[in-house]
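Heads up, the thing below is written out as structure tokens.
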Amino acid sequence: MADWATLKMDKTLGKVSGNVGMLLLFPVIGFMLARANVFGLYPFAIAFSAILAADKKNRNLLMTLIGVILGLISVRDLAVSLQVLAAIGFCSLVIPKIKAFKGEGIILPLITALATALSGSIFLAATNGLSQSALILVVAQSALAGGFAVIFWCAYLQRECLLKGSFNSEQAMAWFLVLAVCLSGLEGLTIGGVNLQILVLGFFILYIADRFGAGAAAGAGAILGFLLKWNFGVDSLINAGIYGLLGFICGGFAGFGKLGIAVVYSAAVLMISYFVHESFLSVYLYSSALGLLLFVILPGKKKKSTVLKKKVMPEIETTVSKVKTLADIFDQLAFGFQAAGVESKLKPEVPELMNILVDRICKNCPTVKHCWEREFYRTYNFLFDLFSYQEEKMELGETEQKDFPPEWKSYCGKLQELMLAARFILEQQKDKEVWQKRLALNRDALAEQYKNVSQVIGHLAKELYSKHNAEEGKPLVWSRQHRRVLDIGVGTFIKAGNGISGDNFSSVPLSATKSALVLCDGMGVGEEAARMSSAALTILEQLLSTGFEAEGALKALNSILVLRSPEESFVTVDMVILDLEREEARLIKIGAAPTYIIRQDDIEILETSSLPVGILNDIEIPVIDIGFTDETLVLVTDGILDVGSKENDWLKEFLQEVELMSAQELADRIIKEAMRLAKGRPEDDGVVLVVRRRE
Numbered sequence: 029m030a031d032w033a034t035l036k037m038d039k040t041l042g043k044v045s046g047n048v049g050m051l052l053l054f055p056v057i058g059f060m061l062a063r064a065n066v067f068g069l070y071p072f073a074i075a076f077s078a079i080l081a082a083d084k085k086n087r088n089l090l091m092t093l094i095g096v097i098l099g100l101i102s103v104r105d106l107a108v109s110l111q112v113l114a115a116i117g118f119c120s121l122v123i124p125k126i127k128a129f130k131g132e133g134i135i136l137p138l139i140t141a142l143a144t145a146l147s148g149s150i151f152l153a154a155t156n157g158l159s160q161s162a163l164i165l166v167v168a169q170s171a172l173a174g175g176f177a178v179i180f181w182c183a184y185l186q187r188e189c190l191l192k193g194s195f196n197s198e199q200a201m202a203w204f205l206v207l208a209v210c211l212s213g214l215e216g217l218t219i220g221g222v223n224l225q226i227l228v229l230g231f232f233i234l235y236i237a238d239r240f241g242a243g244a245a246a247g248a249g250a251i252l253g254f255l256l257k258w259n260f261g262v263d264s265l266i267n268a269g270i271y272g273l274l275g276f277i278c279g280g281f282a283g284f285g286k287l288g289i290a291v292v293y294s295a296a297v298l299m300i301s302y303f304v305h306e307s308f309l310s311v312y313l314y315s316s317a318l319g320l321l322l323f324v325i326l327p328g329k330k331k332k333s334t335v336l337k338k339k340v341m342p343e344i345e346t347t348v349s350k351v352k353t354l355a356d357i358f359d360q361l362a363f364g365f366q367a368a369g370v371e372s373k374l375k376p377e378v379p380e381l382m383n384i385l386v387d388r389i390c391k392n393c394p395t396v397k398h399c400w401e402r403e404f405y406r407t408y409n410f411l412f413d414l415f416s417y418q419e420e421k422m423e424l425g426e427t428e429q430k431d432f433p434p435e436w437k438s439y440c441g442k443l444q445e446l447m448l449a450a451r452f453i454l455e456q457q458k459d460k461e462v463w464q465k466r467l468a469l470n471r472d473a474l475a476e477q478y479k480n481v482s483q484v485i486g487h488l489a490k491e492l493y494s495k496h497n498a499e500e501g502k503p504l505v506w507s508r509q510h511r512r513v514l515d516i517g518v519g520t521f522i523k524a525g526n527g528i529s530g531d532n533f534s535s536v537p538l539s540a541t542k543s544a545l546v547l548c549d550g551m552g553v554g555e556e557a558a559r560m561s562s563a564a565l566t567i568l569e570q571l572l573s574t575g576f577e578a579e580g581a582l583k584a585l586n587s588i589l590v591l592r593s594p595e596e597s598f599v600t601v602d603m604v605i606l607d608l609e610r611e612e613a614r615l616i617k618i619g620a621a622p623t624y625i626i627r628q629d630d631i632e633i634l635e636t637s638s639l640p641v642g643i644l645n646d647i648e649i650p651v652i653d654i655g656f657t658d659e660t661l662v663l664v665t666d667g668i669l670d671v672g673s674k675e676n677d678w679l680k681e682f683l684q685e686v687e688l689m690s691a692q693e694l695a696d697r698i699i700k701e702a703m704r705l706a707k708g709r710p711e712d713d714g715v716v717l718v719v720r721r722r723e
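According to this note's numbering, the sequence shown is numbered sequentially starting from 29.
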């Protein structure tokens, strides 16, 4: 209990510190962007304020404006300050009015560029007049503001990664450009002889070297050094070389920890300051020393302890080897059944059937030599046509055999006996093909199960070898972790007059970062539908928790339902697998109702066309991959949608009008509206499942 309380306190403190960090970060960024300029143009504060105005919650705009105003005051240019503030005011008023922000990648930069151009043109007309050179500068500033609005928008959407310190390539590039612009805004800003630009640049080079190594630190140092001044010249090239070398040297000693990086950084700064910037020795030393102190004080990445890691025991290695061998055996069994299934599907040719007919009828006939030696080709073609004739009669369901060619009587004296034997052979072969097809289908199903069992045993071997922590590997712990990240709401109703629902749902924790949510709708309503959907859901839970992949689990479920009984027994499956680490969601919909994705001001509908599970031996499994960051997923069964008219999608219209609320509140509202439309007597069972990430 004490450990749980401590963990909860750590999570709470981490969340509070993250919010405070974001609250302080945006005014600082606003201050630096307001000072940053390119050849006397100031587009960056306008672009950053525009993307904050596009945020529906609008939480950071006010704090950023405070930083922007302070930055403009430090610039000491009234005309520039008024122009920038006018453009920011225009964006703050116009952008929030746009409700359908579906194409923010196009609309946002256009509005930003328009605001910059209008404010620039008005102030030019009021002061110096609209000359050709002045108009060119206005156009350039507008283009820069629109372009950087896109860059800042991409960075702002991934702002949570900034505090985590973990980026993918796109996120890192966006925030890298933000950092470069912010650093240029610190140009010429000193406090007590300390150059803030050098201080911040030194800190970030040390941070990148410690976290990402020599290559990333060298690249960051070169690019940031080159972009320290946006008035590009020889100094920019010199700075790129100096800070690129500094990052490479520090990153090379990242394995020695912060102490090793600090020693190498100090030595490198002393040498570079003395030989390259001897006249600014004191400024560079003081600024770099403060940057180093800031790097040492702030916590860095946690090093993984490898000293106490125990060596894998020989017994475990032997067990792992045996388990892997067992997995290979099941894999070979699966391959063998697949090959046998292919061979059993081969249909015998007509000559093989002729041999059977000849062995039964012609063998003891006195004219066999005449037919098969002297008139071989005529006899062969005659029997070939005879089998074709009988096949056609069987397909039409006809039993009378009177309309055959008259010359056949001259070919064979035992024509009636021959025709009856040919029909009997074909009927016998048809029955054999039916059983062979059934056997082949069962072999395919068994091969698929062997293949899935092989995968599960392979996963078990990996788990044995990787030596997972006993507590972190428990599904109960995973479920608690998922509840802290996911906001899930569920609502249900039952068909009027029934006491049990035929629709069921479940949540299955797959790992520490993955969770599966499943909706099953049984055929019909009542106890039989409830039994079928509950059984299907239980089978899926067992297969997924054992280690089956989602597609394999669904194929196994389909095989079980097909072979279970000759009567109809099928269910629809609506499954979403959430990857919390990659911020992705995988939707698998088999005969299920559409899924609704709620984004900022947009409702997207995802639907597939496929038969339910349990009808065909081989089913298609449609998979849809989407991002899962700030989206809200709404999964429903067909009973929810059927309460409205078929012409209009009532649920989409309802979701467009509803306000932002918790997942459970939204699920309750949907059920309440569905019951209202059904006038309190729904004709089918219904389940709605709402899931989104917690803020």
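Virtual Cβ for every residue (Gly too), placed ideally from N, Cα, C.
{"query": "Collapsed DSSP secondary structure at N223 in the structure displayed", "result": "strand"}
{"query": "8 Å Cβ cutoff, R63 in contact with chain B", "result": "Among the protein chains of the structure shown there is no chain B, as only one such chain exists."}
{"query": "Range covered by the alpha helix (DSSP H) that runs through E556", "result": "554 to 574"}
{"query": "C-alpha distance - L454 paired with G575, whole-angstrom precision", "result": "47 Å"}
{"query": "C-beta contact flag for S690 and D515 at 8 Å", "result": "yes"}
{"query": "Which residues DSSP lists as bridging K617, in chain order", "result": "D602"}
{"query": "Outcome for N409 when other beta-carbon atoms lying within 10 angstroms are tallied against a minimum of 16", "result": "exposed"}
{"query": "Best match in A524, E612, I266, K523 for proximity to K542 [C-alpha to C-alpha]", "result": "E612"}
{"query": "Beta-carbon contacts of A620 that lie in its chain and below 6 Å, excluding the five residues immediately before and after", "result": "T600, D602"}
{"query": "Member of S109, I179, P55 whose CA lies at the smallest distance from the CA of L89", "result": "P55"}
{"query": "Whole runs of the alpha helix (DSSP H) within the stretch 83 to 142, excluding any shorter than 4 residues", "result": "89 to 103, 106 to 122"}
{"query": "Alpha-carbon to alpha-carbon, V206 and G213", "result": "11 Å"}
{"query": "Own chain partners of T657 with C-beta closer than 8 Å, once the 5 adjacent residues on each side are dropped", "result": "L185, E611, R721"}
{"query": "Contact check, L615 vs I649, beta carbons under 8 Å", "result": "no"}
{"query": "Cβ pair count under 8 Å reaching 3, the stretch 60 to 67 against the stretch 133 to 140", "result": "no"}
{"query": "Contact the stretch 233 to 247 vs the stretch 209 to 224: 3+ CB pairs below 8 Å", "result": "no"}
{"query": "Residue span of the beta strand (DSSP E) that contains N526, given as start and end", "result": "That residue, N526, is in no beta strand (DSSP E); it is neither H nor E in DSSP."}
{"query": "Those residues which DSSP pairs with R720 across a bridge", "result": "D515, T660"}
{"query": "Of the residues Y235, A200, S587, L121, the one placed nearest A183, counting alpha carbons only", "result": "A200"}
{"query": "Closest Cα partner of L61 within the set L705, L211, A450, T660", "result": "L211"}
{"query": "Under the three-state DSSP convention, the category A368 falls into", "result": "Note that A368 scores 49 on pLDDT, short of 50, meaning its location in the model is unreliable and no value can be drawn from it."}
{"query": "Beta-carbon gap between L443 and I389 smaller than 8 Å", "result": "no"}
{"query": "For F452, the three-state DSSP class (helix, strand or coil)", "result": "helix"}
{"query": "Test item: CB-CB of A290 and L320 under 8 Å", "result": "yes"}
{"query": "Span separating the alpha-carbon of L142 from that of L113", "result": "14 Å"}
{"query": "Of the listed residues L606, G148, I79, nearest to S109 (C-alpha basis)", "result": "G148"}
{"query": "Delimiting residues of the beta strand (DSSP E) encompassing K542", "result": "542 to 550"}
{"query": "Identity of the residues DSSP links to L69 by a beta bridge", "result": "V66"}
{"query": "Validate contact between the stretch 629 to 638 and the stretch 571 to 590 using beta carbons, cut 8 Å, 3 pairs", "result": "no"}
{"query": "Limits of the alpha helix (DSSP H) - the one that D666 falls within", "result": "666 to 669"}
{"query": "Residues near A73 in its chain [Cβ-Cβ closer than 6 Å; skip 5 each side]", "result": "L61, A62, V96, V112"}
{"query": "Backbone CA spacing between G253 and Q570 [nearest angstrom]", "result": "56 Å"}
{"query": "Beta-carbon proximity check, S161 vs G230, cutoff 8 Å", "result": "no"}
{"query": "Identity of the residue in I699, I643, V651 nearest G667 by Cα", "result": "I699"}
{"query": "Element boundaries [alpha helix (DSSP H), containing F254]", "result": "242 to 254"}
{"query": "Limits of the unbroken alpha helix (DSSP H) element including E701", "result": "691 to 705"}
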